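Worksheet: one structure, shown below.
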Amino acid sequence: MNNDKISKASNVRKPHPVYMLISEGLSSIDQLNYVKIYKERIMASNVLSDNGKKQPVVKIGEDNIVGVELLVDVPGKVIDFYAITSSEESCGGKIVEAVVNTVPEDWKIVVFMDWNHGFWESMVKKYPRIVVF
2 MNNDKISKAS
12 NVRKPHPVYM
22 LISEGLSSID
32 QLNYVKIYKE
42 RIMASNVLSD
52 NGKKQPVVKI
62 GEDNIVGVEL
72 LVDVPGKVID
82 FYAITSSEES
92 CGGKIVEAVV
102 NTVPEDWKIV
112 VFMDWNHGFW
122 ESMVKKYPRI
132 VVF
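Here the working numbering = 1-based position in the sequence shown + 1.
Written out as structure tokens, the structure reads:
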């Protein structure tokens with residue numbers, strides 16, 4: 002990995018290429034300073050945890066937090082927006098755009114729980130390949 006914003010958990014040896022595609026897309030967003038690859042998920046945020054784990058912080062509704070947590074199912078070829086938050090106008094849309102533009106066409110992009118009161122409805126209109134359950 003040659004991108005300073007991207008790191009991986011110690012138990013991740015050689016991530017599937019889709020992790021790198023998505024991570025590079027997320028790292029191109031100015032507000033996201035940290036992108037971390039875990040087994041079966043990716044987290045990105047403007048803030049790192051202060052508990053020593055250097056984990057991107059994704060706290061829904063928290064002031065001054067921009068972040069996303071994606072669950073990655075490689076065998077099923079599914080990306081799930083598990084959590085997304087943005088205290089800055091339009092950053093949520095930028096995050097969704099980066100993911101949609103980097104996930105291969107034969108993969109599904111899903112949202113299992115829509116807590117965002119209309120956000121996902123507008124994203125589905127813009128990006129019809131997103132499925133909200």
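C-beta: ideal position from N, C-alpha, C; glycine also. Quick caveat, the model's predicted, so the values are computed rather than measured.
Among the options, the one whose alpha carbon lies nearest that of residue i
| i | options | result |
| --- | --- | --- |
| residue 95 | 8, 17, 46, 21 | 46 |
| residue 11 | 115, 123, 55, 23 | 55 |
| residue 44 | 64, 23, 62, 52 | 23 |
| residue 82 | 57, 42, 88 | 42 |
| residue 106 | 40, 128, 91 | 128 |
| residue 86 | 104, 80, 64, 130 | 64 |
| residue 92 | 84, 25, 30 | 30 |
| residue 75 | 68, 125, 39, 90 | 39 |
Backbone secondary structure at residue i - three-state DSSP
| i | result |
| --- | --- |
| residue 126 | helix |
| residue 95 | helix |
| residue 119 | coil |
| residue 87 | strand |
| residue 30 | coil |
| residue 24 | helix |
| residue 132 | strand |
Residue i - partner residues in DSSP beta bridges
| i | result |
| --- | --- |
| residue 35 | 46 |
| residue 70 | 44, 84 |
| residue 57 | 49 |
| residue 15 | Its beta-bridge partners do not exist; DSSP assigns none. |
| residue 9 | 38 |
| residue 109 | 79 |
C-beta atoms of residue i and residue j nearer than 8 Å
| i | j | result |
| --- | --- | --- |
| residue 121 | residue 133 | yes |
| residue 61 | residue 88 | no |
| residue 6 | residue 36 | yes |
| residue 50 | residue 58 | yes |
| residue 26 | residue 97 | no |
| residue 69 | residue 20 | no |
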